[in-house]
Every structure is written in C-alpha cells, then in structure tokens.
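Number of protein chains: 2
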Amino acid sequence: MSAMKLSPVPHHRVQVADRFWAPRLAANRKVTLPLEYRQCQRTGRIDAWRLDWQEGRPNKPHYFWDSDVAKWIEAAAFSLATHPDKKLEALVDDVVELIASAQQPDGYLNVYFTVVAPEERWTNLRDRHELYCAGHLMEAAVALWQSAGKRRLLEVMCRYADHIGWVFGRGPGQRRGYCGHPEIELALVKLYRATGRQQYLKLARHFVDERGRQPHYFDREARARGEDPEQIRRRSLGSPADRPYEPHLAHLPVLRQHEATGHAVRAMYLYSGMADLAAETGDAALAAGCRRLWKSVVTGRMYVTGGVGSAEHGERFTFDRDLPNEFAYAETCAAIGLVFFAQRMLQAELDGEYADVMERALYNGVASGVSLDGRRFFYANPLAVWPPAYVHRPQSDHVQARRQEWFGCACCPPNIARLLASFGGYAYSQSPERACVHLYVRGGADLDLGGAKVRLEQETDYPWGGNVRIAVRPEAPTAFTLALRLPGWCRAPGLRLNGRPVDLGRVARKGYAHLRRTWSAGDSLELRLPMPVERVEAHPAVRADCGRVALQRGPLVYCLEEAGNGPGLNDIALPRSAGLAARFDRRLLGGAVVVTGQARRRDPSGWGGRLYRRAGSRTRPFRIRAVPYCLWGNRRPGEMLVWIRES
Amino acid sequence: MSAMKLSPVPHHRVQVADRFWAPRLAANRKVTLPLEYRQCQRTGRIDAWRLDWQEGRPNKPHYFWDSDVAKWIEAAAFSLATHPDKKLEALVDDVVELIASAQQPDGYLNVYFTVVAPEERWTNLRDRHELYCAGHLMEAAVALWQSAGKRRLLEVMCRYADHIGWVFGRGPGQRRGYCGHPEIELALVKLYRATGRQQYLKLARHFVDERGRQPHYFDREARARGEDPEQIRRRSLGSPADRPYEPHLAHLPVLRQHEATGHAVRAMYLYSGMADLAAETGDAALAAGCRRLWKSVVTGRMYVTGGVGSAEHGERFTFDRDLPNEFAYAETCAAIGLVFFAQRMLQAELDGEYADVMERALYNGVASGVSLDGRRFFYANPLAVWPPAYVHRPQSDHVQARRQEWFGCACCPPNIARLLASFGGYAYSQSPERACVHLYVRGGADLDLGGAKVRLEQETDYPWGGNVRIAVRPEAPTAFTLALRLPGWCRAPGLRLNGRPVDLGRVARKGYAHLRRTWSAGDSLELRLPMPVERVEAHPAVRADCGRVALQRGPLVYCLEEAGNGPGLNDIALPRSAGLAARFDRRLLGGAVVVTGQARRRDPSGWGGRLYRRAGSRTRPFRIRAVPYCLWGNRRPGEMLVWIRES
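Here is the structure:
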C-alpha cells in the first residue's frame, strides 16, 4: 500500500462519548454480545465445534453456522480492545480453543463439512458458503490479533488459508472455483495486511479474477455432483434464466459487472473485496470497476435510509429506482456491507460522496437493525409498515414488523454487533500527510501520521445539533492537512480556525475542507453545520415515492410512527408550505430530536360501512410527530411511514 | 324452492348483441374454447382419462386436472346451447365418453386417484381436491343436460354422486369429511335441481354442516395418514397458527364464520353453496350467515374492480381494507366466484347491492381476466403494474404483468370461458310474478313467468351509453311486476313508460324500479342512466388508496396505461378541480370510451443522476388518457394504474 494512502484510524484509537452512539455501543457490549453468545450456545452453534454431532441428534450443524460464531468473535475482539472484560475474554478464548481443536490435520476447518457431509467438501461452492465461513473466521482472527493481541486464531486461520491456497488456484490439480457468497476476498486482504504474506493477497486476487468466467465453474461443479446445471436456471431467485449466477455475483467476470445486482450482501462484500484489491495492487481497471458499481448503487438502487437490496425474493437488487417501501427488504447486513464498501472507497479517494453514503447508512439503515436496548434485531428494514401487512409475504422470521430475538439464518445480529463494536473505526482516517474527520461524534481519536502523534478531540451534540468544536493536539507542532468533512446534507456550513472564519470556497474540495498548516496544541476549529428539517424528494422514476417527501434533519431520516400519530399514517398529507419544527425531547426513546409540523388528515367519518364512495372527503388539521427512522419500533408495535404524502 | 322465488333466466334464453360483451362472447366461442381444448390435450389432461399413464411417462396427472376438463366441458355445453357447433359437439361427446369409460365399477371417477395414487383415495380431503373435481364434473354434467340436452355425463355423475353419498355421511362406516376446496356443495344443489333427487341436496347440506366441526376431520385424517396434524399449523398460508384450516374455510363451522377469510375462490364457492342451500331449504340462519359474509366481503375486502383475495400468499383474503394495488392478487376465479355468490344472493333478495357488485365484478375484475382476442389470461389482476416489478415476487406463471397462454394450475382460463359462455344468464331473473332486469345489454330475453311467455328486448349502447329502451312483448297481456335495476353508480336515473315519466321516488325500492301492471305487446320503457365520469375514493383505512382517486364511468372502472400516457404513471397527479371528458373512440381496443382530463406531472429534469434531493420539483400540465380497466394489457406491455394520485 502506498504510504500516501489513507487508512482508517483503528476503532480502539477512537473514543465515542456522544448521546447517540455511546449508549448503543454500551448496549451492544453489555447486552448484545452476551445475548448472542447465549443464542449461539442455545442453538448448538458453539458446541458444534466439538465435532461430535451425529445424525438423529438435535442441533444439526448448518453450513453457515461457522460464520455466525466467527462474527461474534470478531465483535467480541473489537470490544475487548476498547473495554477489557475478563469474562468476555475467557469466553472468547474458550471458543477459539474449541475452533482450533476442530481444525483437521490438513488445516481444513469447517464444522458442517467435517461432521455432517465430509464427503462433500469443496463440491458445492455455489451454495454452501464454505469459503464464506472461512472468510469470516479469518476476519475474526485478524480482529483478535489486532484488537486484543491474541495470535491463536490467526495461526489457525493462516494454516487454513494455506490449505485453501493449496486447494484453489490455476495450477495442476487445483480447483478454479470461488465462493457463491463473496466474503473471503476481503478477508484474505485483511489476513495479508495482518501478516504481510503475499500469498493471501494473491489468493484473494485469484478468487476475484476467476469469478464469472466461462466455462462456468458452477456449471462444471454441478455436473461433477451429477446435477444438471440447467436446473438452477429454473430457480434463479429473480434473475433472468440466462443469468442463473447473478444472485451469486458470478454471472459475469467482475470487470464486466457494471450494475449492482444479485444478492445485496454478497454484492457489497464482493465490491469491498474488489476495492481492497484495487487499493493494494493499484489496479486502475479494478478501481474503475468499483466506481462504476458504486454509482449503480447510489444513483439507482439505494433507499434514502442507506438500505440496499429491495427484493425479499433472493434478498437482492432489482432494477434502477425500484425501491418499494412497504415491501423493502433492505437487509441490515446489506446496509452494513454498504458501510464497508463506502469506507473502502473513501480511503481510496477522499470524496464526501462516499462519506455521505457511509453516514446515511450508519445513522439510518444500520442503526435501525437493532433495538435501543440491544436485545432485538431487524433482518429486513422496510420504510413503511402496516401491521399485519406481512400476511402478504410468506411468513418468515426475516421479514417481520417487529425486531426479533434471533433468526434461523442469524447473519444480521452478529454483523451489527461487530459493526457497532468497531464503530469508532469509521470516524477518522490518517496518512503521513493527512488527518481526516469523516464523522462528527463527541469524543476523541489518537492518530498516527507517519509517526507523528496527533490527538483530535470533538465537542459536539451531533447528530442532534450541528455545532462541532475540534481541538487539535499534536504531541509536537506538526505540518499536515486536516480534512474536515462538509456533509452533503448541509447547505451552509461555516468554519472557524482559532476563532477566525475560514473561507470554505477556498479550502473545500469534494465535500471536505482541507486545512494545511503546522498544527500546534491548542489549535481549535469550530464547525457549524446548520441542520434545519429538510423535505427530500426521490427521483420521479422511484414510483413508490411519487407525491411524497421524506423528512431529514442532519444525517437522520425521519419517520412517522403510529405511537404518537395514531393509526392510518398514509392518510396524513403534509402541505408544501407547512413549517417543520425540531425539538430535543429527552424523555423520548432515550433522548431524541422530534420533528413536528402542521399537516392535514382526511376526516374518516361518514362512511357508514361503505368501502368506496364518490370522492370529496374533507380534511382536518393534524400535527405530525416524526422520530428518527433508526429509532422506530422501540415503542409499542404499530404502523410506520418514512415517505409522507405531500399536498 | 318457493314458487315465488326468483331464478335466473337461463343464458340460452338470452341474446347478447351489444358492442361490449358480444365480441368477447364470440372470441370466447371461436378462439378460447378451441384453444383451451388444445391446451388440455397438449398437457395430457384429456388423455389422462384413458387411465393408461404410468410412472416415468410424461404428463403425470395432477389431482386438479379433472376440474380443468370439467370446466371446459361446462363452457362448451353453455356455448352449444346458444351456438350449435357440430365440431365442438363432437369434441365434447368424445371427452364425455372418455370420462365415462374412466368410471370405476363402484362409480368412483377421478384420474389421479385411479392411476397415480389409487391407495390414497379419500385419504387427504384437505389438500387433494378430490370432491372439488367431482363437483366440477357435476356442474359440467348439469350444463350438458340443461344446455345441450345430453344425459350421458349426468348419468355418470349421478352414479358418482351416489357413490360419494355412500362414502360420506354420519352413518356407521361413513366418512364425516368434506373437501378442503369447497365446490361440490353448490354442484350437488345443481345436481339436485336437475334431477329432483333429494339425496343430493342432503349430501350438500351434510358437507356444509360438517365443515369446521371439532374434533376436526382434517386432524383425524392427517393422523390416519401417519402425519402430525401440528405440521400444518407451521405452514398455514398466512393464517394464525391456531387457525390452520382457515385457508380451507374449515377453521370454524360455517355459521360461526363471520368474516370473509381464507382462500378467496374457496370462500366464494362455499358461500355460493351456502346461499343455494339457504334458498332450497329456507334455513334462515344459513341465509343470515350468507348476508354476514357478504357484508364482510363488500364492506371491507373487495377491490373497486370487484376483485377479491388480496394476498398472493395463500391466494387469500387478509384483513379489512387491506387492498394493496401493485401486489393485489385478485384472482380471476375469485371475481368469478363473487359473481356466483352475488347472483345467488340476488335471487334470494332483489336488492340492487347484490346486482351492483355482480356488475362491478363482471365489467371489471372478471372481464380483465381474458384478452380481447380470447387468447390470453390473467390469473392475478393487480390494480397497478410497473414491469418488471414482479421481481419482488417468487416467479410464478400466476402472477405476471402480461396475460399468459396457460398456467400449470389452469383454473382461471376454463372458469372465465364458462362464465362468458353463460353470460346472458346473469342479466335477467323470473318468477311467476316478476320479471327482473339486472344488466343492461343490447339484445333480448325470453322469460317464462309461471307459464306466461314474455319477451323483453333491450336497445342500448350500455356500458358506453346510459340510455336503455326496453320493449316488453308478452305473448298475451299479462299482469306482473317488471323490476328494472337502478344501478348504484347512477346518481340521477330517469324512467319513462310508454313515453310518460315514471315517478321513481314512488316505485324505486332497494335499487330496483318495480312496475306492476298488466303488460301488453308494444309497451316500452325508456331508462336514462346518466354516466358522467366519477371520481371514487376508498375508505381512509385502505392505506394503498390514500390520496388517490379511481375514475369510474357507468359500471366501468378506468385505468391509466403506459400506452397513451408514457411511463411513470405514478408521477401524474389529478387536481380535484380537473374536468374529465368521455369520448367513444372506435379505433381503440375494439371501440371504447376514453376518459381524458387535465392533470399535472412532475418535471423529471435536472436530476443529474441523483436519486434524492431537496423537495421542490415543478410540475407541468399533462393530459391523461384513461381506458376501462378490463381492457388493459391488450396493447404493448407497460405500466398500469387504477388509483391516480389526487392533488
């Protein structure tokens, strides 16, 4: 990696002490992590590593279980780095030992393919998540090493990675396959960065390069299993029959994939791995491919909440501007994946567009994934809910109008746990020449600018307020560029350096104010980000949002809930001229800014049991009360609506 | 049946010569009937009756195939009565012979349970449509006898009905089961009416009375199969776990079923059978139950098109006012079933509410089920379509934005064929005292009022125009009440008898003008039904229609199509004040009244690839062009929208 390139300031060098995230991070640590361990234990995911399951016994291991435990370990590792916890550490150590004990003599490590279907090892890369599980274990291993200084799992996973490198490749006797669920690509880059071993980078490159080539590996593999590859063309999860491997992001070689498509989480993980590889190798074509895919996501296929993947069927992207609200899937994991992708793009190119999307996803579609108390989770994150509207969808624990305690396919809960446990890592970047502030969060960070230590401290009530005071505290006076993000949602930012106004027209570039000078302890910045309530409209081709506005204040998208507004939210219309007020309510949902405004609501009387009548109902004034989208569903269950009708 | 009760004038005593239905009926006769025969033949449905299918051969008979052929026979029989056709008659005779040859020595008659799973006869009434298939064959048999004078199938089906009556009942050794898909109940009443044999009426009554009782037959039956009845509680097609038999309309005894629920077609067939039984037996409680269920349908669970059953999942009713448009299921068969139910309620009680709903379904949600040329069919009838929006739903041939040539589950095509072939039968009713006109259709009818022959002739351009001239031609001067429907959609009807105004305030009752006098040849009536374009709104609790209006003119609900309006229909808003004009366009869709009006449409420019921006787009004038909903999808594929945003 070029020494000039940005890298994130690790989360354990960042302190989060605000009113928005800090309580969530505490709940994640104190409630979610123990709870997820118990769920993993209760469901057999932990004990599965003992490799003593036998047919006929309960808790038959599933082929994606390894990844759930891996993500929990990663989350725990991140947490241990910021909040040492002997009890948690002991749990992690035990699980790691169990995992290590499950490693086979050849280095192979996977529960399902060791105890349930050992004869099927590497025979169904398309569907069975084998390399995906390996990837998550690698990420966990790197996190344990980098965040908690524990090498045990890293060594195990290097052995496994070496084994995988022996099995996969273009050499004689090697398999030219890759995983139907991308993940190992980005994980191998992490493993490379943690160990410096080039072979892991090469293997990641191999998996990315092989993807989608003809003759298609998944065809060959299916034939080797005695299956007709045509079969999958008839159950292609929403893909055209001539693109059966689109859900797997393997319909085309990656550089010919120009549109965000297929399974949204797989897409985000693949694009993140591609961005990592582009950064490591300097491959301009790969970087351009990433930018193309990025544009496809953010200009056509992303909810205003940062959710991606609108279709439940196949958990996938559909087509441009197809963003239904009530039927939005917008999996929590996919929004998390978008954060991963955005963060990588941002390190490669300091452009506020990436940070804006990262912030949009974090504050809305990711934060909505877990309850305030850390106990319940959304898998799907719709933008409109009318209980019991879910009768229209096959009943599934994934798609529910209330957060659930756990899921059969439990990818989201540990994913959000690891995201929150490492949240601070998204706020700053560093390079020998630059210090960047991407997110405004009360707290501080200890940066290392090519050896020079610089501490940044933020005093702010963001996202409830837009004033940010930043204290710059280098160990010694140091020349570097401090890049402060000017959020895209802010129309009129203002900046002062040591009390003197800064001409943003001169220093602002691509969404950041670039301040180059020799910084000394005591330098301070005051950033003002006025955050009036804004009405947002969607592109006219987003049919679901026609005639509607979303309310946004700062980075937060708002919604109406039945709690506070009564049922029948869709019968509320907000006049274009209506004033909107924002007020912090400390008793509401742990403290939040509420948006109120004078709307109108149809008079529901006089129907006498009729279902249809000649139009002409009257409307009456109604005061709406909107809360941040990420907080919905923390009160009594009921309706929810993001896009409000405009009149 | 009481001699005073109304009964429909049989379709073969009615002539249809209008511009709306007559071409459809001709297409049904000339195109649809031969085409459906070929489909039945191509797919093996005809040859299956040879009982020579063997495992490993193609076209494995499905347990609902018998019903598809039966409905085709019924349709052909209806057609032969009005339009003799030697070729069609020969086809029907051949199929009937095949069916007769398949009857088992004991009278049993079902392809699937004879050649595929003979050991499973009567073991899974819940799922396997065994009695349902019998019912459709009975209906076909009655139609062949009454419409075409052919007794062969009637005799076969009487033998089968006798066998069923021997198997089912409360006697020792008899089964107390009933079908998971109601149909045989109404069919047995038809068989009773055709033969006068009381045992068929009794058997229908038995099936209705046993339904939903505890201990539950479907539980016992499942246990007898060695299954755990709890299983179905976990896959209950959208029903609560404690109502696993709601999809089968067997969750409660019928008199305790107060809400329209479960599978919509099954519901309509059950309610129709209940209404038949109430009429035949004079059972007031059963009649009251029918009225309750009717109210549940029409006051809470019916689309403005007369479609019912809003959820694809389970093809079912959901809850009150849950009527999504894009995701509407509204199966063609269910709208047809609603016509059956409405017609029966109307005979029992001459109330315009029943006729209004019957007309609404016929002109909208039923007529939409088949293309103008009679070649293609809708199974689901959504009220809004954005191709390719169907990526959000598991791909199925049922749910498509274009009419299909056939379906794996091919219930709808022959159902609409039999409805159209007998369409005239819905227009008039007769009793010794009354002649009723329910539908205004150019043509005539030959009534039999307790022996007195009366011919009615209609001269009208309905539904394109609202003037109707009716000539009354009794064979001899006859005293009777002529009841003319005053459609609920019409605000200001006017009536003249022999040129003199009739005071409707005096003669109108429950949606009909009752004219009692001695009628003589030469008497004539002029009915004026002004049909301005009306804006319709839905109850505020219909969340999908909030802020929207549907356009209706006469009985026809209108829609916007992409053809004629361009894409992005949801971005059109119709001001409350906009004038709406109606004009017949003879070149459009076989000739139709088009509705135009001045709306506004968002200016789609200036987005520069963005997906969201601060609200404030301008709108520009746009002239909408709406066509009858039933005609949509007959031009190039594209968007469609019934409920138009109002501004």
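Same order as they appear, the protein sequences are chains G and D.
Just so we're aligned, residue 1 is where the first sequence starts under our numbering, counting upward by one.
Just so we're aligned, residue 648 is where the second sequence starts under our numbering, counting upward by one.
Yeah, the Cβ is synthetic: ideal placement off N, Cα and C, and Gly gets one too.
As the structure is a prediction and not an experimental result, all values here were calculated from the model.
One alpha carbon belongs to G:Glu120, the other to G:Leu186, and they sit about 25 Å apart.
Beta-carbon to beta-carbon, G:Ala445 and G:Val14 are separated by about 4 Å, close enough to satisfy the 8 Å threshold. Here the stretch 45–53 of chain G lies against the stretch 99–118 of chain G, with 3 or more beta-carbon pairs under 8 Å apart. Closest in C-alpha terms to D:Tyr755, from the list D:Gly1090, D:Ser726, D:Ala795, D:Val803, comes D:Val803.
If you look at D:Trp719, you'll find it in the alpha helix (DSSP H) that goes 712–729. D:Ser1224 counts as exposed, since fewer than 16 other C-beta atoms from the protein chains shown sit within 10 angstroms of its C-beta. Interface residue (Cβ-Cβ distance to chain G less than 8 Å): D:Ala790 is not classified as such. The three-state secondary structure of D:Met1287, taken from DSSP, is strand. Bridge pairing for G:Val533: G:Arg553 [DSSP].
Look at G:Glu119 here: in three-state DSSP terms it is helix.
Straight across, the Cα-Cα distance linking D:Tyr1276 with G:Glu221 is about 49 Å. Distance from the CA of G:Leu80 to the CA of G:Lys30, rounded to the nearest whole angstrom, comes to 12 Å. Straight-line spacing of the CA atoms in G:Gly499 and G:Glu359 works out to 28 Å. DSSP lists D:Ser654, D:Ala1082 as the beta-bridge partner residues of D:Gln1077.
In this chain, the alpha helix (DSSP H) harbouring D:Trp941 covers 931–947. Cys1193, Gly1194, Val1196: these are the residues of the stretch 1191–1206 of chain D whose beta carbon lies less than 7 Å from some beta carbon of chain G, given in chain order. C-alpha of D:Gly954 to C-alpha of G:Leu362: approximately 42 Å in a straight line.
When beta bridges are read from the DSSP output, D:Leu1162 appears opposite D:Leu1129.
For G:Tyr379, there are no C-beta contacts with chain D under 9 Å, since the nearest C-beta of that chain is about 17 Å from it. Under the criterion of beta carbons closer than 8 Å, D:Trp1033 and D:Glu973 qualify as touching, at roughly 7 Å. Per DSSP, the unbroken beta strand (DSSP E) holding D:Ile1117 starts and ends at 1114–1121.
By the 16-neighbour rule on beta-carbons within 10 angstroms, D:Gly984 is buried. Secondary structure of G:Lys453 (DSSP, three-state): strand. Within chain D, no C-beta atom comes nearer than 8 Å to that of G:Leu574; the closest sits roughly 10 Å away. Taking C-alpha positions only, D:Thr965 is separated from D:His910 by approximately 9 Å. Contact check for G:Arg316 against D:Ala1262 fails: the beta carbons are separated by 8 Å or more. Take the alpha-carbon of G:His251 and the one of G:Leu25: they are about 39 Å apart. In terms of CA proximity to G:Thr596, G:Arg623 leads the group G:Arg623, G:Asp127, G:Gly177, G:Asp448. If you draw a 10 Å sphere on the C-beta of G:Gly44, you find 16 or more other C-beta atoms in it, and that means buried.
If you draw a straight line from the Cα of D:Leu1096 to the Cα of D:Leu1103, it comes to about 12 Å. Listed in chain order, the non-local C-beta contacts of G:Pro414 below 7 Å within the same chain comprise Glu36, Asp68, Lys71, Trp72, Ala75, local neighbours out to five positions each way being set aside. Identification of chain D residues near G:Gly568 by a Cβ-Cβ cut-off of 9 Å yields Pro1187, Ala1188, Arg1190, Cys1193, ordered along the chain. Nearest in C-alpha terms to D:Glu1184, of all of G:Gly522, G:Arg583, G:Ser524, G:Leu611, is G:Leu611. When C-beta atoms of the stretch 1163–1174 of chain D are compared with those of the stretch 539–549 of chain G, fewer than three pairs fall below 8 Å, so the two segments do not count as touching. Residue pairing by DSSP places D:Leu1172 opposite D:Ile1117, D:Leu1144 in a beta bridge.
With 16 or more other Cβ atoms from the protein chains shown falling within 10 Å of its own Cβ, G:Ala260 counts as buried.
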